[in-house]
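Residue numbers (our numbering): 24 to 224.
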């Protein structure tokens with residue numbers, strides 16, 4: 024693992040994104056041994072946690088007649104409607120029990136009812152910050168490694184924002200798993216590469 028200016032960002036390894044969860048990512052729990060080992064090596068570690076209110080605007084059940092994985096237009100752009108997941112205070116929102124949680128920071132996101140939040144840095148309007156960039160800069164962090172779930176949504180959006188913010192950024196694809204919704208994985212990889220994100224095994 025890199026030197027003292029490096030941080031490991033672990034994205035959303037929560038029960039609802041692992042097998043048996045409400046929005047399960049295939050093989051989501053398979054990455055846990057590697058992620059835990061990486062946390063041992065990293066000088067700074069951050070865990071992100073999806074933390075939605077039950078009436079969140081991204082849940083299909085909160086839109087009459089809408090099917091999960093369909094899309095609607097929101098003021099900030101197109102929004103995929105998801106099955107209800109990671110509802111605040113539920114077991115589904117908890118970290119997977121095998122995940123190390125002795126991180127330097129746990130960042131909750133997606134708690135604003137009217138806007139989704141894939142990225143660890145900004146809400147989906149791309150302008151409302153979470154505060155993570157400021158935290159990392161005050162810790163002297165310049166290099167970031169991303170792992171977690173899902174590669175083609177929250178991991179990719181976080182990594183792209185990190186690169187745009189000037190952090191040296193890489194994604195360890197073997198320590199991630201993807202949803203791959205309608206080709207979203209190939210799209211996300213292309214967008215990460217275009218943003219200057221390093222994609223590694």
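Ideal Cβ positions, reconstructed from N, Cα and C, are used throughout, including at glycine.
Of all alpha-carbon atoms in 120, 206, 213, 134, the one lying nearest the alpha-carbon of residue 182 is that of 213. Around the beta-carbon of residue 68, 16 or more other beta-carbon atoms lie within 10 Å, marking it buried. Within a 10 Å sphere around the beta-carbon of residue 54 sit 16 or more other beta-carbons, which makes this residue buried. Minimum Cα-Cα distance from residue 143 among the listed residues 209, 121, 172, 66 corresponds to 172. Listed in chain order, the alpha helix (DSSP H) runs fully inside the segment 137-200 are 155-161, 179-187, counting runs of at least 4 residues. In the DSSP assignment, residue 131 forms a beta bridge with 72. Positions of the beta strand (DSSP E) runs, each at least 3 residues long and wholly inside the segment 45-113, are given as 67-73, 94-97, 100-103 in order along the chain. Of all C-beta pairs linking the segment 76-85 to the segment 32-52, fewer than three are shorter than 8 Å, placing the two stretches out of contact. Within its own chain, the residues whose Cβ lies closer than 6 Å to the Cβ of residue 185, once the five positions on either side in sequence are excluded, are 167, 192, listed in chain order.
Within 10 angstroms of the beta-carbon of residue 147 lie 16 or more other beta-carbons, which makes it buried. Under the three-state reduction of DSSP, residue 30 is assigned to strand. Taking all protein chains shown into account, residue 209 has fewer than 16 neighbouring C-beta atoms within 10 Å of its C-beta and is therefore exposed. Rounded to whole angstroms, the gap between the alpha carbons of residue 206 and residue 26 is 36 Å. Within the DSSP bridge table, the entry for residue 43 names no partner. As computed with DSSP, residue 216 is found in no beta bridge at all.
Secondary structure at residue 115: helix, using DSSP grouped into helix, strand and coil. The C-beta distance from residue 86 to residue 110 rounds to 16 Å, too long to meet the 8 Å contact threshold.
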